[in-house]
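Visitor: So that we are looking at the same thing, I have put the structure below in structure tokens.
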Amino acid sequence: MPGGSRDLSRLRVALTAFFALDGFVFAGWVVRIPAIKQQTNASAGALGLALLGVSAGAVITMTLTGRLCRRYGSHPVTVVCAVLLSLSVSLPPLTHSAPALGAVLLLFGAAYGGINVAFNSAAVDLVAALRRPIMPSFHAAFSLGGMIGAGLGGLVAGALSPTRHLLGLSLIGLLVTAVAGRALLRQEPPALAERNPSSPPETHRAAARRTGGRGLVVVFGLIALCTAYGEGAMADWGALHLQQDLAASSGVAAAGYACFALAMTVGRATGTTLLERLGRARTVIAGGTVAAVGMLLGSLAPSVWAALTGFAITGLGLANLFPVAVERAGALTGPSGVAVASTLGYGGMLLGPPAIGFMADWFSLPAALTSVAALAAVATAIGVFTRRTMGA
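Residues 459 to 850 (the working numbering) are what the sequence shown spells out, left to right.
Okay, structure coming up:
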């Protein structure tokens with residue numbers, strides 16, 4: 459099992475590739491949502507219910523994936539889920555109704571949720587072995603992949619049909635999985651003893667239970683929920699807001715998510731330094747505050763460029779909230795903690811698409827998007843009230 463710095467570096471590279479692939483594939487799908495909406499002739503509410511399939515599939519499989527990781531290891535589970543994710547992304551353009559779209563998105567969501575639990579569990583082990591808060595760097599790779607996927611989607615939106623575009627993503631995903639998966643399967647997870655050489659691994663988990671570790675996992679999950687709600691809103695509704703409410707072109711609308719992803723990438727790339735200087739609690743408080751202000755601007759601004767600026771500020775603010783939440787949950791209770799925090803987190807995605815869709819029907823899409831700012835403020839409040847228990 460890997461113990462040397464070279465082995466840990468190889469493991470870090472392989473995991474980084476899977477995080478980037480996940481973001482690339484997901485962003486490639488979301489920038490084609492306006493075209494898929496037109497193809498299926500779905501209303502905002504019907505589209506919201508169909509998009510519920512992604513979050514529902516993810517949440518349903520997350521707890522199961524935690525158990526599979528404990529039984530078979532997080533590395534094999536990561537590879538299997540990556541294959542399923544790459545194959546299922548090609549299915550949405552083949553549908554012509556909202557119910558059919560929801561059905562295939564359920565499969566896509568199951569693969570998406572599974573790979574997120576699996577590679578986050580593997581990353582938590584590596585963070586513990588290296589004894590540095592590098593979790594944001596993995597999520598930076600996810601955001602970079604999302605930025606590239608969204609930018610590429612914007613470039614090809616006018617030239618390629620959704621069918622050809624998403625089939626291309628499927629082929630790229632399978633190729634990356636073949637290369638990175640081979641490297642990942644050759645590396646076993648870091649020894650549990652490396653997490654804390656001075657004490658057995660079960661001692662740490664037992665201590666976590668005695669000191670309310672399970673309760674803290676739920677708290678971290680609530681922070682993840684508020685964050686994932688915002689990420690899901692930007693992914694599913696950001697481009698549509700720019701195109702429908704601000705009369706942006708298809709390419710500019712796709713660039714909205716790219717701005718969000720770029721800002722999130724920058725925030726996460728600097729996340730390790732930020733965590734080492736500010737600590738977890740202050741990072742969460744500052745991030746939630748910035749995200750709330752940014753989303754108010756992004757949703758209510760009267761011009762495209764002001765909205766794009768707001769999207770970027772939102773991405774910068776949300777950048778490190780989810781990585782902090784998942785890392786702390788995994789450090790306390792292992793894959794089960796990652797599964798709990800991720801399930802609650804992606805519960806935000808489960809809540810977000812239909813909630814925003816219905817609010818858009820009742821009020822307007824800009825008004826619905828202000829709910830992202832409200833939940834970012836909730837994450838800030840949680841950070842304030844739990845700053846002593848969240849840790850440095």
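Beta carbons are placed, not taken as given, at the ideal position from N, Cα and C, and that holds for glycine.
Since the model is a prediction, treat every value here as computed from it, not as a measurement.
How is VAL547 classed by DSSP in three states: helix, strand or coil?
Guide: For the purposes of this step, residue 547 is taken as residue 89 along the sequence shown, with counting starting at 1. Coil at VAL547, not helix or strand.
Visitor: Is VAL471 buried or exposed, if buried means 16 or more other CB atoms sit within 10 Å of its CB?
Guide: As a working mapping, residue 471 is identified with position 13 in the sequence shown. Classification of VAL471: exposed, given that the 10 Å Cβ count is below 16.
Visitor: Any idea if THR791 is buried or exposed, counting beta-carbon neighbours within 10 angstroms, 16 or more meaning buried?
Guide: Taking the sequence shown and counting its residues from 1, one reaches residue 791 at position 333. Its Cβ being crowded by 16 or more others within 10 Å, THR791 is buried.
Visitor: Rounded C-beta distance between ALA540 and THR635? I'm assuming under 8 Å.
Guide: Taking the sequence shown and counting its residues from 1, the one referred to as residue 540 is at position 82. Taking the sequence shown and counting its residues from 1, the one referred to as residue 635 is at position 177. Confirmed, Cβ separation roughly 4 Å.
Visitor: Keeping to the same chain, check which residues put their C-beta closer than 8 Å to that of VAL676; ignore five residues upstream and five downstream.
Guide: Within the sequence shown, the letter at position 218 stands for residue 676. Answer for VAL676: VAL798 and LEU802, listed in chain order.
Visitor: Do you know how far the Cα of ALA834 is from the Cα of LEU732?
Guide: Sequence index remark: in the sequence shown, residue 732 carries index 274 (1-based). Sequence index remark: in the sequence shown, residue 834 carries index 376 (1-based). Roughly 19 Å separates the two Cα atoms.
Visitor: My understanding is that VAL751 touches ILE771, with C-beta atoms under 8 Å, so please give their C-beta distance in whole angstroms.
Guide: Numbered from its first residue, the sequence shown carries residue 751 at position 293. Numbered from its first residue, the sequence shown carries residue 771 at position 313. Indeed they touch by this definition, with Cβ atoms about 7 Å apart.
Visitor: Give the range of the alpha helix (DSSP H) segment to which VAL646 is assigned.
Guide: Counting from one through the sequence shown, the residue named residue 646 turns up at place 188. Residue 646 is actually Glu in this sequence, not Val. Careful: GLU646 lies outside any alpha helix (DSSP H) and carries neither H nor E.
Visitor: Given a threshold of 16 other Cβ atoms within 10 Å of its Cβ, counted over all protein chains shown, does SER794 qualify as buried or as exposed?
Guide: One-based indexing of the sequence shown puts residue 794 at position 336. Its Cβ being crowded by 16 or more others within 10 Å, SER794 is buried.
Visitor: Does the Cβ-Cβ distance between ALA777 and GLY714 come in under 8 Å?
Guide: Stepping through the sequence shown from its first residue, residue 777 is reached at position 319. Stepping through the sequence shown from its first residue, residue 714 is reached at position 256. No, they are not a contact pair.
Visitor: From SER463 to GLY737, what distance separates their C-alpha atoms?
Guide: Your numbering for residue 463 matches position 5 in the sequence shown. Your numbering for residue 737 matches position 279 in the sequence shown. So the two alpha carbons sit approximately 25 Å from each other.
Visitor: Considering just the uninterrupted stretch of the alpha helix (DSSP H) at VAL483, what are its terminal residues?
Guide: For the purposes of this step, residue 483 is identified with residue 25 of the sequence shown, where counting begins at 1. 463 to 488 is the span of the alpha helix (DSSP H), which, as asked, contains VAL483.
Visitor: What's the call for ALA556, buried or exposed, on a 16-neighbour Cβ count within 10 Å?
Guide: Within the sequence shown, the letter at position 98 stands for residue 556. By the neighbour-count rule (16 or more Cβ atoms within 10 Å), ALA556 is buried.
Visitor: Among LEU588, PRO551, VAL582 and VAL547, which one has its Cα closest to the Cα of ALA569?
Guide: As a working note, residue 569 is residue 111 in the sequence shown. Answer by Cα proximity: VAL547.
Visitor: Assuming VAL537 contacts LEU642 (C-beta within less than 8 Å), just tell me the rounded distance between them.
Guide: Here residue 537 corresponds to residue number 79 of the sequence shown, with the count starting at 1. Here residue 642 corresponds to residue number 184 of the sequence shown, with the count starting at 1. Indeed, because the Cβ distance is near 6 Å, the residues count as touching under 8 Å.
Visitor: Would you kindly work out how many angstroms separate the C-alpha atoms of PHE678 and GLY746, rounded to a whole number?
Guide: The count along the sequence shown starts at 1 and reaches residue 678 at position 220. The count along the sequence shown starts at 1 and reaches residue 746 at position 288. Each residue's alpha carbon lies about 14 Å from the other.
Visitor: On the CB-based measure, 16 or more other CB atoms within 10 Å of its CB, does ALA665 come out buried or exposed?
Guide: Here residue 665 refers to the residue found at position 207 when the sequence shown is read from its first residue. No answer about ALA665 holds up, because its pLDDT of 47 lies below 50 and its placement is not dependable.
Visitor: Whole angstroms is fine: what's the gap from ARG735's alpha carbon to ARG726's?
Guide: Numbered from 1 along the sequence shown, position 277 holds the residue referred to as residue 735. Numbered from 1 along the sequence shown, position 268 holds the residue referred to as residue 726. Cα-Cα distance, rounded: 14 Å.
Visitor: Is it true that the segment 525 to 533 meets the segment 474 to 483, where meeting means three or more beta-carbon pairs spaced less than 8 Å apart?
Guide: The segment 525 to 533 is not in contact with the segment 474 to 483.
Visitor: Taking the Cβ atom as the reference point for each residue, do ALA719 and SER601 lie within a distance shorter than 8 Å?
Guide: Residue 719 sits at position 261 when you count from the first residue of the sequence shown. Residue 601 sits at position 143 when you count from the first residue of the sequence shown. Against a cut-off of 8 Å, the Cβ pair of SER601 and ALA719 comes out as a contact.
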